[in-house]
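One structure is given here, and the rest of the page talks about it.
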Amino acid sequence: MQPWSIATMKVTPDKELASYLRLVGARIRTVRKLLGITQEGMSAHGFNMRYFQKIESGKTNITLGMLYRIAAAFDLQPHELIDPTRRFGARLVHDDTSGVPHQILGTHGAEQAAFRPVDPQPEDRFRSCVPLFSLAAAAGGFSTAAGVEIETWVVPNTQLPLHEGMFVARVVGHSMEPAIPSGSFCLFRHPVAGSRQGRILLVEHRDIHDPDHGGSYTVKRYRSEKRAAPAEEGGWCHQKITLLSNNPAYAPIVLVPSETGQVRVIAELVAVLDGIPG
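In the working numbering, the protein residues as written are 158 to 435.
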């Protein structure tokens with residue numbers, strides 16, 4: 158199949174056009190979420206929210222003028238949203254004053270790209286692609302029976318086998334450098350099986366106030382000290398849980414016995430997909 162372009166759009170068969178509309182919609186949705194913009198927030202840019210929802214779901218044709226408006230809202234070039242052969246870039250370019258990423262799609266080769274968005278068939282989900290979440294969504298969603306609503310699927314740039322429960326999320330902050338450069342996209346696995354000792358985990362605790370993520374969740378190396386439980390209880394109990402940063406400039410988070418039972422281990426780091434900091 159030849160790469161699609163605006164010039165060939167009018168002769169593209171209906172089914173292929175529908176597929177491209179879904180792909181473009183998925184790319185627009187992914188960029189919006191990475192920028193932290195809600196669909197309601199697009200109203201501030203002058204977009205009709207209901208129409209924008211149809212664009213993201215690939216259920217309506219998108220005009221060239223609308224494509225230019227969306228690209229301008231994301232500070233991108235229009236072709237970066239419509240070229241299905243173009244991967245997401247490995248580097249996020251930040252505004253020097255706000256720290257907000259204003260360039261999501263790069264010109265790097267496939268070997269440098271963290272992932273590419275797809276519109277998968279049901280049978281391909283968790284086989285060739287995984288969901289893209291924010292850490293906040295993952296931390297909150299996996300704590301409920303309903304789970305996390307999946308809007309965007311991506312093919313991570315890894316040779317590792319994929320399994321159900323895996324997802325891609327962006328880690329911001331310097332606490333885990335150099336292992337996880339700030340702005341890196343990472344592959345995580347939920348749930349965490351076996352011993353947690355020494356593993357890099359996404360954990361949540363109501364008393365955690367992580368300066369990097371601004372929430373009650375964090376990505377840290379997990380260490381625990383245990384002691385025998387009282388004889389009438391049997392087994393063992395945590396004496397202390399320590400959440401360690403790789404960066405020595407960050408103090409460890411130490412949780413005492415009265416707090417350890419409230420620690421939720423959400424997911425384990427599997428791989429850093431993007432080793433180039435934003």
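C-beta: ideal position from N, C-alpha, C; glycine also.
Host alpha helix (DSSP H) of residue i (start-end)
{"i": "E237", "result": "236 to 239"}
{"i": "I227", "result": "221 to 230"}
{"i": "L292", "result": "292 to 298"}
{"i": "I337", "result": "No alpha helix (DSSP H) contains I337, which DSSP labels as neither H nor E."}
{"i": "M206", "result": "206 to 213"}
Residues bridged to residue i [DSSP beta-bridge criterion]
{"i": "V329", "result": "Bridge partners of V329: none, in fact."}
{"i": "S176", "result": "DSSP lists no partner for S176."}
{"i": "V305", "result": "According to DSSP, which records beta bridges pairwise, V305 is partnered with nothing at all."}
{"i": "M323", "result": "R346"}
{"i": "V312", "result": "R273"}
{"i": "T375", "result": "V360"}
{"i": "I398", "result": "S381, L412"}
Unbroken beta strand (DSSP E) run spanning residue i, endpoints
{"i": "A424", "result": "421 to 429"}
{"i": "F272", "result": "272 to 275"}
{"i": "I410", "result": "410 to 412"}
Neighbourhood of residue i by C-beta, 6 Å cutoff - its chain only, sequence neighbours within 5 removed
{"i": "R327", "result": "F342"}
{"i": "F324", "result": "V287, P288, F290, F345"}
{"i": "A336", "result": "N403"}
{"i": "P313", "result": "F272, V325, L344, L430"}
{"i": "I239", "result": "V181"}
{"i": "D276", "result": "R179, L180, A183"}
{"i": "R356", "result": "Y379, E425"}
{"i": "R421", "result": "E361"}
With 16 other Cβ atoms within 10 Å as the buried cut-off, status of residue i
{"i": "R378", "result": "buried"}
{"i": "G203", "result": "exposed"}
{"i": "G266", "result": "With a pLDDT of only 37 at G266, under the threshold of 50, the placement of this residue in the model should not be trusted, and no figure is reported."}
{"i": "N218", "result": "exposed"}
{"i": "P405", "result": "exposed"}
{"i": "P348", "result": "exposed"}
{"i": "Y225", "result": "exposed"}
{"i": "L292", "result": "buried"}
{"i": "P274", "result": "buried"}
{"i": "T187", "result": "buried"}
{"i": "G222", "result": "exposed"}
{"i": "G298", "result": "buried"}
{"i": "A229", "result": "exposed"}
Cut-off 7 Å between Cβ atoms - residues of its own chain near residue i, not counting five sequence neighbours on either side
{"i": "Y407", "result": "S332"}
{"i": "Q419", "result": "H362, R363"}
{"i": "Q278", "result": "none"}
{"i": "L401", "result": "K377, R378, R380, P409"}
{"i": "E334", "result": "N403, N404"}
Cα-Cα separation between residue i and residue j, rounded to whole angstroms
{"i": "V429", "j": "H236", "result": "28 Å"}
{"i": "W310", "j": "E321", "result": "13 Å"}
{"i": "F283", "j": "K172", "result": "25 Å"}
{"i": "L426", "j": "Q354", "result": "13 Å"}
{"i": "R122", "j": "Q316", "result": "In the structure displayed, the chain extends from 158 to 435; residue 122 sits before or after that span and is not available."}
{"i": "S214", "j": "I307", "result": "13 Å"}
{"i": "I423", "j": "T375", "result": "10 Å"}
{"i": "A294", "j": "L359", "result": "12 Å"}
{"i": "L233", "j": "V305", "result": "29 Å"}
8 Å CB neighbourhood of residue i in its chain, flanking five on each side removed
{"i": "M206", "result": "Q196, E197, M199, S200"}
{"i": "Q210", "result": "Q196"}
{"i": "L319", "result": "F283, R284, S285, C286, V287, P313"}
Proximity test, residue i beta-carbon vs the ligand SAM heavy atom, cut-off 8 Å
{"i": "F204", "result": "This structure simply doesn't include the ligand SAM, nor any ligand for that matter."}
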